[in-house]
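K.L.:
Supplied in structure tokens, the structure appears directly below.
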Amino acid sequence: MKVAEKIADKIAGMPDGSTFRYQELPIEREEYTAATKAIERLVKNGLITRASTGLFYKPKRSAFGILKPDEQELLKPYLFSAGKRIAYITGTLLYNRMGLTTQVPKNIKIATRDKRLELTLGNQKVTSIKSYADINDDNYRYLEYLDAIKDFKTIPDLNKEAAVRLLKDGIGKLEDRQLFKKLALKYPPRVRALAGALMELVSPTEDLNALRKSLNPLSTFEFGLNTTLLPNNTTWNIA
1301 MKVAEKIADK IAGMPDGSTF RYQELPIERE EYTAATKAIE RLVKNGLITR
1351 ASTGLFYKPK RSAFGILKPD EQELLKPYLF SAGKRIAYIT GTLLYNRMGL
1401 TTQVPKNIKI ATRDKRLELT LGNQKVTSIK SYADINDDNY RYLEYLDAIK
1451 DFKTIPDLNK EAAVRLLKDG IGKLEDRQLF KKLALKYPPR VRALAGALME
1501 LVSPTEDLNA LRKSLNPLST FEFGLNTTLL PNNTTWNIA
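For the sequence shown, the working numbering begins at 1301 and goes up steadily by one.
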């Protein structure tokens, strides 16, 4: 089968709106030159669209025209490797999805352990920051909440009362509290303090000794949260 035919068959089997890179196509290294020409023809004919350098998507069509894939789909090649999660969306886009801010960011941040990246997808710039732990499908939701605590003071248009409630409720729904506490210990002291305080509100009998002992008892952690907003703020030296 010719290279162009192999690529066409592969793309035909993809769901509309999905993204792909050359690495996901059924081609050998020596076939890349022919593959590049085949891809260019498909782009020219409107069968696929170039999202960024080396990244393409199969358009999803509606009565209103071609629909672009959402950020999650466009970013999928950078969030996963060989089918395994290696990164997650963080920053203002994450906090918007969590309901912590109404602002929609111009730029997107991705947390990743090792891989550094900087790219442009449409009108949005994507940059990476280093995660505090290795990332997988089992822990990235926990890391999202810890990131929100870390950035609590800088989240735009944050309503602190609503944020405490949203974070407390979200943490309360996490299945593995031991994992959450283990990951929290990898974050700066201020994150450990607020994470501990929120967990205590969720489960007053929770064993939080490891988080307490990791904190300097003489330190105060400034979040702008008084006792009205966070009933146990003083026991965690939060102000």
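Even glycine gets a Cβ: it sits at the ideal position worked out from N, Cα and C. From a predicted model like this one, the values you see are computed outputs, not experimental measurements.
1. Going by Cα to Cα distance, which pick from N1532, L1518, L1483, L1379 is closest to V1464?
2. Are the beta-carbon atoms of F1356 and I1366 separated by less than 8 Å?
3. Looking at the secondary structure, which residues open and close the beta strand (DSSP E) in which A1312 lies?
4. Measure the beta-carbon distance from A1539 to L1511 and round it to whole angstroms, keeping in mind my assumption that it falls under 8 Å.
5. What are the residues that DSSP puts in a beta bridge with G1496?
6. Please state whether the Cβ-Cβ distance between K1468 and L1498 is less than 8 Å.
7. Per DSSP, which residues does Y1322 bridge with? Please list them.
8. Where does N1532 sit, in a helix, a strand or coil, going by DSSP?
9. Measure the CB-CB distance between P1488 and K1453 and report whether it falls below 8 Å.
10. T1390 lies in the beta strand (DSSP E); which residues open and close that run?
11. If you count every other CB in all the chains shown that lies within 10 Å of the CB of Y1442, and 16 or more means buried, which is it?
12. Can you give me the start and stop residues for the alpha helix (DSSP H) that F1480 sits inside?
13. Within 8 Å, do at least three Cβ pairs link the stretch 1471-1485 to the stretch 1408-1423?
14. With three or more beta-carbon pairs closer than 8 Å as the criterion, would you say the stretch 1399-1413 touches the stretch 1375-1388?
15. For a test of the three-state rule: what should DSSP assign to K1430, helix, strand or coil?
16. Tell me, please, which residues DSSP counts as bridged to A1363.
17. If you check the beta carbons only, do L1253 and E1444 fall under 8 Å apart?
18. Heavy atom of the ligand SAM less than 7 Å from the Cβ of N1423, yes or no?
19. Measure the C-alpha to C-alpha separation of A1462 and I1307 and round it to an integer number of angstroms.
20. Determine the direct distance from the alpha carbon of R1361 to that of D1309, and round the result to whole angstroms.
21. Would you mind sorting S1519 into buried or exposed? The rule is 16 or more other CB atoms within 10 Å of its CB.
22. I need the DSSP call for E1418, collapsed to helix, strand or coil.
P.N.:
Let me lay it out:
1. Position 164 of the sequence shown, counting from 1, holds the residue named residue 1464. For the residues N1532, L1518, L1483, L1379, the minimum Cα distance to V1464 belongs to N1532.
2. Taking the first residue of the sequence shown as 1, we reach residue 1356 at position 56. Taking the first residue of the sequence shown as 1, we reach residue 1366 at position 66. Contact flag unset, no.
3. Within the sequence shown, the letter at position 12 stands for residue 1312. Looking at the DSSP string, A1312 is not in any beta strand (DSSP E); the run it does join, the alpha helix (DSSP H), is 1303-1312.
4. Taking the sequence shown and counting its residues from 1, one reaches residue 1539 at position 239. Taking the sequence shown and counting its residues from 1, one reaches residue 1511 at position 211. The Cβ separation is near 18 Å, so there is no contact.
5. Numbered from its first residue, the sequence shown carries residue 1496 at position 196. None, per the DSSP bridge assignment.
6. Along the sequence shown, one-based indexing puts residue 1468 at 168. Along the sequence shown, one-based indexing puts residue 1498 at 198. Yes; because the gap between Cβ atoms is below 8 Å, this pair is in contact.
7. For this step, residue 1322 is matched to residue 22 along the sequence shown. Partner(s): none; Y1322 has no beta bridge.
8. Taking the first residue of the sequence shown as 1, we reach residue 1532 at position 232. In the structure shown, N1532 sits in coil (DSSP, three-state: anything other than H, G, I, E or B).
9. Within the sequence shown, residue 1488 is the residue found at index 188, counting from 1. Within the sequence shown, residue 1453 is the residue found at index 153, counting from 1. For P1488 and K1453, no; Cβs fall outside 8 Å.
10. As a first step, residue 1390 must be located in the sequence shown, where it is residue number 90. Element bounds for T1390: 1387-1390.
11. For this step, residue 1442 is matched to residue 142 along the sequence shown. Under this definition Y1442 is a buried residue.
12. Walking along the sequence shown from the start, residue 1480 turns up at place 180. From DSSP, the alpha helix (DSSP H) with F1480 extends over 1477-1484.
13. no
14. yes
15. Here residue 1430 is taken as the residue at index 130 of the sequence shown, counted from 1. Note: K1430 maps to strand in three-state DSSP.
16. Taking the first residue of the sequence shown as position 1, residue 1363 is located at position 63. DSSP, once it has assigned bridges, lists no residue as partnering A1363.
17. Nothing about residue 1253 can be read from this structure; the chain reaches only from 1301 to 1539.
18. In the structure shown, the ligand SAM is absent, as is every other ligand, since no ligand is present at all.
19. Locating residue 1462 in the sequence shown gives position 162, where the first residue counts as 1. Locating residue 1307 in the sequence shown gives position 7, where the first residue counts as 1. Using only the alpha carbons, I get a separation of about 50 Å.
20. For the purposes of this step, residue 1309 is taken as the residue at position 9 of the sequence shown. For the purposes of this step, residue 1361 is taken as the residue at position 61 of the sequence shown. Distance between the alpha carbons of D1309 and R1361 is about 19 Å.
21. Position 219 of the sequence shown, counting from 1, holds the residue named residue 1519. S1519 is exposed by the Cβ-count criterion.
22. The count along the sequence shown starts at 1 and reaches residue 1418 at position 118. Reduced to three states, the DSSP call for E1418 is strand.
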